[in-house]
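Here the structure is laid out as structure tokens; the discussion comes afterwards.
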């Protein structure tokens with residue numbers, strides 16, 4: 001399954017179409033908003049930073065609001081195919097005049113617009129998929145920034161002295177803060193910043209309190225507390241979410257940049273109003289700029305850093321030193337109002353052009369004949385006069401219009417005039433292939449709208465011909481023998497297994513006859529006969545339906561019995577598995593016991609080998625020392641029994657005999673005399689390769 005097909009499975013067609021067009025419309029909407037905002041900010045250069053900040057925020061929220069309205073206007077729930085049988089089908093009489101395809105000449109711009117719309121319709125799923133992937137990446141980036149900000153709150157942080165805490169509280173009271181804001185030093189930050197909204201925390205770099213004057217520290221605290229007073233942390237989080245949604249739009253990033261710039265200017269103004277000395281504040285900015293140049297770093301996206309962004313720091317210092325007059329003139333205000341009004345008019349006109357509903361073709365004045373139309377006959381309605389089909393329960397759903405534009409082309413429109421289904425040569429066109437027929441449909445609709453309406457007599461004749469054709473087709477369909485069902489494919493069933501029960505198939509309802517014209521007496525007579533046959537078929541259908549319900553109940557009972565049997569078999573297999581697992585556990589315990597005994601024996605064997613090696617080493621050293629062998633590597637035979645000591649078959653002295661008996665007894669820990677008293681027992685070493693005791 002391709003990613004595009006997976007996207008079709010996850011998102012409904014209506015949501016996918018509305019979302020794709022909303023993203024496309026947001027491009028020009030955001031561009032126009034950015035141009036309007038640039039003009040307003042240019043005209044409002046004498047206004048306060050707080051006012052310009054609100055205007056920039058209004059521009060960003062206007063884009064979000066317009067995107068939401070666009071999605072709402074474009075979203076249309078998908079009409080399921082089955083709903084056509086219960087819908088109110090209205091067949092336009094002008095469709096009869098469109099039997100032959102009428103070609104009209106389109107202008108260049110209409111053709112370009114149609115081709116562009118078809119192109120975007122075809123590639124909407126790919127665009128939405130790319131947008132979703134980009135939004136996931138940006139969302140992960142935003143989440144990582146939030147996690148890092150939470151880490152800054154608790155990692156390598158130490159509180160500042162109480163005097164600075166009291167100074168921050170005093171500045172906060174001057175700004176009207178009701179909550180206390182904590183101040184701490186952090187080893188991870190290089191610039192002063194504030195994080196958090198519910199429990200805000202001001203973080204200062206290590207050594208900042210010692211490197212700046214008291215007035216400069218107070219100015220820095222005033223700036224950060226101004227962020228808390230203005231709730232900038234929460235608004236910045238909302239701004240980051242909007243940037244994540246419109247990550248592809250340069251205008252959104254430009255508007256967001258304007259918001260951050262004006263936010264810092266507004267906090268600068270609040271800080272100066274508290275400390276009262278713009279030069280001291282400018283010196284603090286300059287000193288922090290020097291620190292930033294020595295230790296280049298970037299603050300997290302969700303923090304409110306004192307320095308802001310490096311490229312705006314110089315403009316902030318210039319703004320503080322020059323102190324431009326903030327007295328907007330009447331002409332500037334008038335021009336700003338005119339620009340805002342012009343922008344609203346442009347947006348209103350564009351929105352009206354995009355969202356106005358096209359007029360649906362109106363049927364000619366005819367007296368409708370109401371009758372229930374089954375689903376199999378709906379494909380013939382495109383060639384008849386207007387027929388209103390009410391529901392038996394008189395519960396009508398969304399009104400649809402079926403129009404035959406050519407001999408091989410039939411479209412279905414909703415009440416807004418949008419084409420929801422297309423049929424070519426009697427076959428329904430899939431949704432993803434609709435753009436291929438968009439240009440042709442628009443040409444035919446335009447030709448149909450400009451076509452001459454049929455007179456009353458022409459409509460009567462067309463209705464008579466269409467009804468006669470429908471009756472003939474209906475009779476042929478009714479009496480034509482059904483094709484035989486294809487044999488079922490043989491299913492291989494394992495030995496001892498049974499085939500799964502097959503669900504019964506519901507019967508096919510009969511086809512209702514078509515009512516003739518009121519002045520057609522022969523047709524009325526045939527219609528009455530057909531109605532009687534139809535009632536007989538309805539009774540047979542009801543009997544078949546009752547039989548189907550009985551078979552369905554029997555099928556449900558059979559399925560339940562099979563399910564119970566499978567559950568019993570599963571329980572038996574689980575018991576067998578448990579018994580085998582218990583036996584396996586017993587065997588594992590016995591194996592562990594044998595392994596423990598084997599480990600004990602191996603330990604004893606290792607100890608005996610150590611004693612044997614020590615004894616052999618001591619014996620060889622003694623034999624070499626006594627001159628009985630030349631070296632420890634020489635070949636020799638050593639035999640010790642109750643008669644004496646023999647080396648290379650030569651009997652040695654009794655002193656050596658006692659000496660070597662003592663060496664062997666000490667090494668083995670056994671009484672060698674008791675061992676040698678046994679009949680035929682001796683201790684023999686042959687050529688330094690093996691040792692054995694008989």
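Residue numbers (UniProt numbering): 1 to 694.
Backbone N, C-alpha and C fix where the C-beta goes; we use that ideal spot for every residue, glycine too.
Note that the structure is a prediction, hence the values are computed from the model and not measured.
About 5 Å separates the beta carbons of residue 182 and residue 201, which is inside the 8 Å limit, making them a contact pair.
Burial of residue 74 is indicated by the presence of at least 16 other C-beta atoms within 10 angstroms of its C-beta. For residue 244, same chain residues with a beta-carbon under 7 Å away, outside a window of 5 residues either side, are 135, 138, 139 and 142 in chain order. Going by DSSP, residue 421 is part of the beta strand (DSSP E) stretching over 419 to 424. In this structure, residue 33 lies near residue 63, with their beta-carbon atoms less than 8 Å apart. The shortest CA-to-CA distance from residue 664 to any of 649, 641 and 679 is the one to 641. DSSP, read as helix, strand or coil, puts residue 511 in coil.
The beta carbons of residue 507 and residue 538 sit no closer together than 8 Å. Collapsing the DSSP output to three states places residue 211 in a helix.
Closest by C-alpha distance to residue 119, out of 658, 631 and 433, is 433. DSSP places residue 683 within a strand segment (E or B) once states are collapsed to three. Judged by DSSP secondary structure, residue 15 falls within the alpha helix (DSSP H) whose first and last residues are 13 to 43.
Note that the region 208 to 225 does not touch the region 235 to 254; fewer than 3 beta-carbon pairs, one per stretch, sit closer than 8 Å. If you draw a straight line from the Cα of residue 195 to the Cα of residue 429, it comes to about 56 Å.
For residue 125, the secondary structure class from DSSP, reduced to helix, strand or coil, is helix. In the same chain as residue 523, and ignoring 5 residues on each side of it, the C-beta atoms closer than 6 Å to its own belong to 516, in chain order. Contact annotation: the region 638 to 653 does not touch the region 583 to 599, with fewer than three C-beta pairs closer than 8 Å. The C-alpha of residue 123 is placed about 12 Å away from the C-alpha of residue 436. Using a C-beta cut-off of 8 Å, the region 602 to 621 makes no contact with the region 569 to 583, since fewer than three inter-stretch Cβ pairs fall below that distance. Inter-segment contact for the region 152 to 165 and the region 250 to 261 is absent: fewer than three beta-carbon pairs are separated by less than 8 Å. The beta carbon of residue 21 sits closer than 6 Å to those of 74, all from its chain and outside the five residues before and after it, given in chain order.
Linking residue 147 to residue 409 through their CA atoms gives a straight-line distance of about 58 Å. Nearest Cα to residue 319 within the set 274, 288 and 268: 268. For the 8 Å CB-CB criterion, residue 187 and residue 159 do not form a contact. Ranked by Cα distance from residue 285, the options 504, 220, 255 and 229 are led by 220.
In this chain, the alpha helix (DSSP H) harbouring residue 658 covers 654 to 668. For residue 240, the enclosing alpha helix (DSSP H) stretches over residues 232 to 245.
In its own chain, leaving out the 5 sequence neighbours on each side, no residue places its CB closer than 8 Å to the CB of residue 610.
In the structure shown, the three-state DSSP call for residue 198 is coil.
Residue range 182 to 186 is occupied by the beta strand (DSSP E) that includes residue 185. For residue 542, the enclosing alpha helix (DSSP H) has its first and last residue at 521 to 625. Excluding its 5 nearest sequence neighbours in each direction, residue 504 has C-beta neighbours in its own chain below 7 Å: 548, 551, 552 and 555, listed in chain order.
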